[in-house]
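Q: Before we start, here is the structure in question, set down as structure tokens.
Residue numbers (our numbering), protein chains in the order written: chain A, 1 to 134; chain B, 1001 to 1080.
In structure tokens, the structure reads:
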């Protein structure tokens, strides 16, 4: 099934507006999936500003959109500068190696350890973005 | 439930010369972890490396025999 063109355009706009954009299940405050929670944990440790989109309200339509844009249909998905970096496995691996810090121009924490206890909610974090069903 | 040997073979066929390990992560036979070191990964981003592995096993994802596949990739360097 082809992606909804309006939704696809909305996603492209968000990708243009957010240097770091996470498509996740749930919100950073209340992740609904362990993999999404782990990616949020990495971003919090990096301390980068990021946008987060909860995919659950529009899960299947968004799968079609990311399938067309990035050939990837599972969530979470982290995008940097409009390009798909990966899901949980890749994000954690690139965090530990320092590649993610480099890519997002963040400072690598002294002890980069995926799955480490999460620091309290970061005030830099932008509020969850809403994609409305039209 | 996936046949681990078949899945391993599908990846090896798609990426000749690769070192492939496929393990059953949960004992249920449908949550697999593939560790792949392939010469074809050189110069590719992680996501592109994962795309190659996923594409190789896509038929078993589509038919539901693999429910979740965790992938770990590395560039295979015969000299290193």
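Backbone N, C-alpha and C fix where the C-beta goes; we use that ideal spot for every residue, glycine too.
(1) Would you say residue 1028(B) reaches chain A, if we count a Cβ-Cβ gap shorter than 8 Å as a contact?
(2) When you compare only the Cα positions, how much space is there between residue 20(A) and residue 97(A)?
(3) Counting only the same chain and skipping the five closest in sequence on each side, list residues whose C-beta sits under 6 Å from that of residue 1015(B).
(4) State yes or no: is the beta carbon of residue 1065(B) nearer than 8 Å to at least one beta carbon in chain A?
(5) Can you find at least 3 beta carbon pairs, one from the region 104-113 of chain A and one from the region 1062-1080 of chain B, that sit closer than 8 Å?
(6) Roughly how many angstroms lie between the CA atoms of residue 89(A) and residue 6(A), to the nearest whole one?
(7) With 16 as the cutoff for other CB atoms within 10 Å, does residue 1026(B) come out buried or exposed?
(8) Would a check of beta-carbon distances place residue 123(A) closer than 8 Å to chain B?
(9) Closest by CA to residue 102(A), which one among 8(A), 22(A), 48(A)?
(10) Measuring only the C-alpha atoms, how far is residue 123(A) from residue 74(A)?
(11) Assuming residue 78(A) and residue 53(A) form a contact by the criterion Cβ under 8 Å, report the distance between their Cβ atoms to the nearest whole angstrom.
(12) So, for residue 1018(B): in the same chain, excluding its five sequence neighbours on each side, which residues have a beta-carbon less than 8 Å away from its beta-carbon?
(13) Select from 8(A), 36(A), 50(A), 64(A) the residue whose C-alpha is nearest the C-alpha of residue 92(A).
(14) Provide the residue span of the alpha helix (DSSP H) that contains residue 111(A), from first to last.
(15) Taking a Cβ distance cut-off of 7 Å, strictly less, list which residues of the region 67-78 of chain A are near chain B, in chain order.
(16) So for residue 85(A), helix, strand or coil by DSSP?
(17) Can you give me the C-alpha to C-alpha distance between residue 134(A) and residue 4(A), rounded to a whole angstrom?
(18) Counting along the chain, where does the beta strand (DSSP E) carrying residue 1074(B) start and finish?
A: By the coordinates alone:
(1) With 8 Å as the cut-off, residue 1028(B) does not count as an interface residue toward chain A.
(2) Straight-line Cα distance between these residues: approximately 18 Å.
(3) 1038, 1040.
(4) Residue contact check for residue 1065(B) against chain A: no CB pair falls below 8 Å.
(5) Touching, no.
(6) Taking the CA atoms as reference points, residue 89(A) sits about 30 Å from residue 6(A).
(7) Classification for residue 1026(B): exposed.
(8) With a pLDDT of 43 at residue 123(A), under the threshold of 50, the modelled position of that residue is not reliable, and no figure is offered here.
(9) Just measuring C-alpha positions, the residue of 8(A), 22(A), 48(A) sitting nearest residue 102(A) is 48(A).
(10) In this prediction, residue 123(A) scores a pLDDT of 43, lower than 50, which makes its location untrustworthy; the coordinate-derived value is nonetheless stated afterwards. Approximately 28 Å, taken between the alpha carbons.
(11) Not a contact, Cβ separation roughly 11 Å.
(12) Short of 8 Å from the beta carbon of residue 1018(B), and not among the five residues preceding or following it, lie these beta carbons of its own chain, in chain order: 1011, 1012, 1036, 1037, 1038, 1039, 1040, 1076.
(13) Of 8(A), 36(A), 50(A), 64(A), the residue nearest in Cα terms is 36(A).
(14) Note, residue 111(A): premise wrong, no alpha helix (DSSP H); not H, not E.
(15) Of all residues in the region 67-78 of chain A, the ones placed with a Cβ closer than 7 Å to any Cβ belonging to chain B are 71, in chain order.
(16) Note: residue 85(A) maps to strand in three-state DSSP.
(17) Because residue 134(A) carries a pLDDT of 44, less than 50, the predicted location of this residue cannot be relied on, and the following value inherits that uncertainty. Separation of residue 134(A) and residue 4(A) (C-alpha to C-alpha, rounded to the nearest whole angstrom) is 10 Å.
(18) Under the DSSP assignment, residue 1074(B) falls in the beta strand (DSSP E) whose first and last residues are 1068-1075.
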